[in-house]
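In this note's numbering, the protein residues as written are 617 to 1195. Beta carbons: idealized from backbone N, C-alpha and C, even for Gly. Below is one structure; the comments refer to it alone.
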């Protein structure tokens, strides 16, 4: 094997065809000399240890001290250079060292026996190392520490002439780069490297957060935040700002109530910096955050300047559950100007823009059709008519009819089988319909607002539609039926899931709304219609979409609605991203 001019390292390309060939002291198990079965030739091991080796990591490998789990030899100086194998030389992967076990002589300065971890630039052409940076010197008992780097690691082990312990074991592997990157997915979880174990020393990581458009701003919601505490957060810290020169907040220490930080911009950067020279061991976990993109208040005002308000005042939704109208009331014409009827599907829908209707996916997709990739689904839309401005459920009334040119099914739409009644239940039950021509807004045709926040348990919202009343057949064809509406309270999902009829099928992306005693509910023919809640300034926003239920108006069987807030990003990305 060729020698190198600066540090004496041997090149070795590790063969990972079987676990028995993991790196041990820079040698594969097959190359370790033996004196008798199970006993290794100590002189060969020490020679390998002292000469140093370059280990190219392609799959997880173990690096251990000589005689690991037994006292290590005295007067050793051993070196291992850990480098990414060919094919992994990119910024998408990084090296990770995990101190799985370390038991060395312990003195305050770690001067006697110690293990040192360096980060370095390795140059294979001449075997040289540059920009050598000591990350940590360790002794005593340590485990669980993690070091990550896009560069290479130099591991140095030194023992003196007395007090030998069992040594160390290090796990080396390549992992997906967890130190920084671009984040553009709403609800994405970002963890500091090594989380939930102690974070590495001497790193600087930048995560660039990108909202889908200027109509959104960035919100960073901390789930956990445990960093080293220092005055002014000058040592270890996480900073959040619009850019690196304008960090609005710098955080460190332990936060029992993790903060929520909003940056009034469609892009932001989260930076984690940890010091390379901390002398004490730590168990600080770092952080875990959820990245959210929320409506830009200024953009929302411009976009929804005329949404959620009817010129014909509807009946008030204020009040308590006891003030509900049992059985529903006939709506005043024009009082819910965003509700549409989808002829050909016998479903409702909601106007959320000049050319966009939000409805239930099961209204558009036959029950027998399921796709892994809904972008491949091309439904026959020729039989659909969107009737807007309707009061009676027939095209001859005062409403207008529009054709649909495209249907966008929620990518997560599916159906799950409920063994309790043999029925299938829709999941992520949403579809967006794009009209062939724009509607003309008027006193009886207006869009509803999209939500700025989620609905809350106890809110009293409104359902409306032309569906079946009470317990009549789902096949009723009364086309002179007027629009009906009623009020329903938002219930706890946990309460609804405790009722046998719902069989714990209500997910966090759904809303359970209605009355435990029954008597009022959405029903057949109301599918796809709106669950409307009153927001700021008395404007109505779309809280949910009628999805499924077990019967209509029966006790302990309230209606289940697709939660619009849970799918807000998909909706807005689709409609504002263009057709």
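On a CA-only basis, which of 791, 881, 858, 861 is nearest residue 829? Give me that one, please.
-> In the chain shown, residue 829 corresponds to position 213, counting from 1. When each option's Cα is compared against that of residue 829, the closest is 881.
Give me the Cα-Cα distance between residue 998 and residue 975, rounded to the nearest whole angstrom. By 1-based counting over the chain shown, the position of residue 998 is 382. By 1-based counting over the chain shown, the position of residue 975 is 359. Whole-angstrom Cα-Cα distance: 17 Å.
ask   = What's the gap between the Cα of residue 714 and the Cα of residue 773?
value = Here residue 714 refers to the residue found at position 98 when the chain shown is read from its first residue. Here residue 773 refers to the residue found at position 157 when the chain shown is read from its first residue. So the two alpha carbons sit approximately 15 Å from each other.
Is there contact here, the stretch 785-801 with the stretch 668-683, by at least three beta-carbon pairs under 8 Å?
yes
Problem set entry | Three-state secondary structure (DSSP) of residue 713 | The residue given as residue 713 occupies position 97 in the chain shown. When secondary structure is reduced to three states using DSSP, residue 713 falls in the strand class.
ask   = Can you name, in chain order, every residue of its own chain whose Cβ lies under 8 Å from the Cβ of residue 868, other than the five neighbours on each side?
value = To locate residue 868, count along the chain shown from 1; it is residue 252. Result list for residue 868: 843, 844, 845, 846, 849, 851, 852, 853, 854, in chain order.
Endpoints, the alpha helix (DSSP H) within which residue 1110 is located
Here residue 1110 refers to the residue found at position 494 when the chain shown is read from its first residue. Counting along the chain, the alpha helix (DSSP H) containing residue 1110 begins and ends at 1109-1113.
* To do: Measure the C-alpha to C-alpha separation of residue 1115 and residue 1173 and round it to an integer number of angstroms.
  => Within the chain shown, residue 1115 is the residue found at index 499, counting from 1. Within the chain shown, residue 1173 is the residue found at index 557, counting from 1. Distance between the alpha carbons of residue 1115 and residue 1173 is about 8 Å.
Taking the alpha-carbon of residue 969 as reference, which of 923, 980, 946 has the nearest alpha-carbon? Along the chain shown, one-based indexing puts residue 969 at 353. Among 923, 980, 946, the Cα nearest to that of residue 969 is on 923.
Name the one or two DSSP bridge partners that residue 730 has. To locate residue 730, count along the chain shown from 1; it is residue 114. According to DSSP, which records beta bridges pairwise, residue 730 is partnered with 774.
Practice problem: Let me know if residue 1041 comes out buried or exposed under the rule of 16 or more other beta-carbons within 10 Å of its beta-carbon. | Solution: The residue you call residue 1041 lines up with position 425 of the chain shown. When all chains shown are included, residue 1041 counts as buried.
| query | Got a sec, what are the start and stop residues for the beta strand (DSSP E) residue 975 sits in? | reply | For this step, residue 975 is matched to residue 359 along the chain shown. Counting along the chain, the beta strand (DSSP E) containing residue 975 begins and ends at 972-975.
- Leaving aside the five residues before and after residue 795 along the sequence, list all residues of the same chain whose C-beta is less than 7 Å from its C-beta, in chain order. Residue mapping note: residue 795 aligns to position 179 of the chain shown, counting from 1. Excluding sequence neighbours, residue 795 sits near 710, 764, 809, 819, 821.
Q: Determine the direct distance from the alpha carbon of residue 696 to that of residue 1113, and round the result to whole angstroms.
A: Looking up residue 1113 in the chain shown gives position 497. Looking up residue 696 in the chain shown gives position 80. Looking at the two C-alpha atoms, the distance is approximately 57 Å.
> Span of the beta strand (DSSP E) holding residue 905?
Replying inline: As a working note, residue 905 is residue 289 in the chain shown. First-last of the beta strand (DSSP E) with residue 905: 902-911.
Taking the straight line between their C-alpha atoms, what separation do you get for residue 629 and residue 725?
In the chain shown, the residue the question calls residue 629 occupies position 13. In the chain shown, the residue the question calls residue 725 occupies position 109. Low per-residue confidence applies at residue 629: pLDDT is 30, beneath 50, and the placement is therefore not dependable, though the value from the model is reported in the following sentence. Straight-line Cα distance between these residues: approximately 36 Å.
When DSSP labels each residue in this structure, what does residue 826 get in the three-state scheme? The residue given as residue 826 occupies position 210 in the chain shown. In the three-state scheme derived from DSSP, where H, G and I count as helix and E and B as strand, residue 826 is classed as strand.
task = Using three-state DSSP, classify residue 1047 as helix, strand or coil.
result = The count along the chain shown starts at 1 and reaches residue 1047 at position 431. In this structure, residue 1047 counts as strand in the three-state DSSP scheme.
Review point. Using a Cβ-Cβ cut-off of 8 Å (strictly less than) and excluding sequence neighbours within five positions of residue 981, which residues of its own chain qualify?
Key: Within the chain shown, numbered from 1, the residue matching residue 981 stands at position 365. Closer than 8 Å at the Cβ level, and outside the excluded window around residue 981, lie 993, 995, 1025, 1029, 1047.
* Coil, strand or helix - residue 722 by DSSP -> The sequence position of residue 722 within the chain shown is 106, counting from 1. Residue 722 falls in the coil class under three-state DSSP.
Based on the DSSP output, what are the partners of residue 837 in its beta bridges? Along the chain shown, read from residue 1 onward, the residue named residue 837 stands at position 221. Per the DSSP secondary-structure output, residue 837 pairs in a beta bridge with 876, 906.
Helix, strand or coil: how does DSSP classify residue 871 here? Residue mapping note: residue 871 aligns to position 255 of the chain shown, counting from 1. Coil.
Fill in: Sequence-distant residues of its chain with Cβ nearer than 6 Å to residue 750 (five each side left out)
Locating residue 750 in the chain shown gives position 134, counting from the first residue. Taken in chain order, the residues that qualify are 734.
- [ ] Keeping to the same chain, check which residues put their C-beta closer than 8 Å to that of residue 1055; ignore five residues upstream and five downstream.
- [x] As a first step, residue 1055 must be located in the chain shown, where it is residue number 439. Closer than 8 Å at Cβ, skipping near neighbours: 967, 970, 971, 1004, 1016, 1018, 1061.
Just the Cα atoms here: how many angstroms apart are residue 928 and residue 1076? Taking the first residue of the chain shown as 1, we reach residue 928 at position 312. Taking the first residue of the chain shown as 1, we reach residue 1076 at position 460. Distance between residue 928 and residue 1076, taken at the CA atoms: about 20 Å.
>> Helix, strand or coil for residue 1187? Go by DSSP, reduced to three states.
In response: Here residue 1187 refers to the residue found at position 571 of the chain shown. Correct three-state label for residue 1187: helix.
query: Going by Cα to Cα distance, which pick from 1031, 791, 1053, 1105 is closest to residue 699?
result: Residue mapping note: residue 699 aligns to position 83 of the chain shown, counting from 1. Closest option to residue 699, Cα to Cα, is 791.
Determine the DSSP secondary structure at residue 848, reduced to helix, strand or coil. Residue 848 sits at position 232 when you count from the first residue of the chain shown. Residue state, collapsed to three classes: helix.
Problem - Inter-residue Cα distance where the pair is residue 1093 and residue 1179 - result: Residue numbering aside, residue 1093 sits at position 477 when the chain shown is read from its first letter. Residue numbering aside, residue 1179 sits at position 563 when the chain shown is read from its first letter. Model confidence at residue 1093 stands at a pLDDT of 48, short of 50, so the residue's coordinates are unreliable and nothing is read from them.
Inset, instruction - Compute the Euclidean distance between the alpha carbons of residue 865 and residue 831, then round it to the nearest angstrom. - result: Stepping through the chain shown from its first residue, residue 865 is reached at position 249. Stepping through the chain shown from its first residue, residue 831 is reached at position 215. So the two alpha carbons sit approximately 23 Å from each other.
By how many angstroms is the C-alpha of residue 1181 removed from the C-alpha of residue 1157? On the chain shown, position 541 is the one that residue 1157 refers to. On the chain shown, position 565 is the one that residue 1181 refers to. The straight-line gap separating the alpha-carbon atoms of residue 1157 and residue 1181 is approximately 11 Å.
Practice problem: Report the rounded CA-to-CA distance for residue 1161 versus residue 1032, giving the unit in angstroms. | Solution: Within the chain shown, residue 1161 is the residue found at index 545, counting from 1. Within the chain shown, residue 1032 is the residue found at index 416, counting from 1. Rounded to whole angstroms, residue 1161 to residue 1032 spans 18 Å at the Cα level.
Residue 1183 to residue 1119, Cα distance in whole Å? One-based indexing of the chain shown puts residue 1183 at position 567. One-based indexing of the chain shown puts residue 1119 at position 503. Going by the C-alpha atoms only, they are around 24 Å apart.
Query - Residue(s) in a DSSP beta bridge with residue 1104 - result: As a first step, residue 1104 must be located in the chain shown, where it is residue number 488. Paired residue(s): 1077.
Any beta-carbon of chain B closer than 8 Å to the one on residue 1062?
The displayed structure is made up of one protein chain only, and chain B is not part of it.
* To do: Find the nearest neighbour of residue 1098 within the set 1007, 737, 1185, 1175, judged by alpha-carbon distance.
  => Residue 1098 sits at position 482 when you count from the first residue of the chain shown. Ranking 1007, 737, 1185, 1175 by Cα distance to residue 1098 puts 1007 first.
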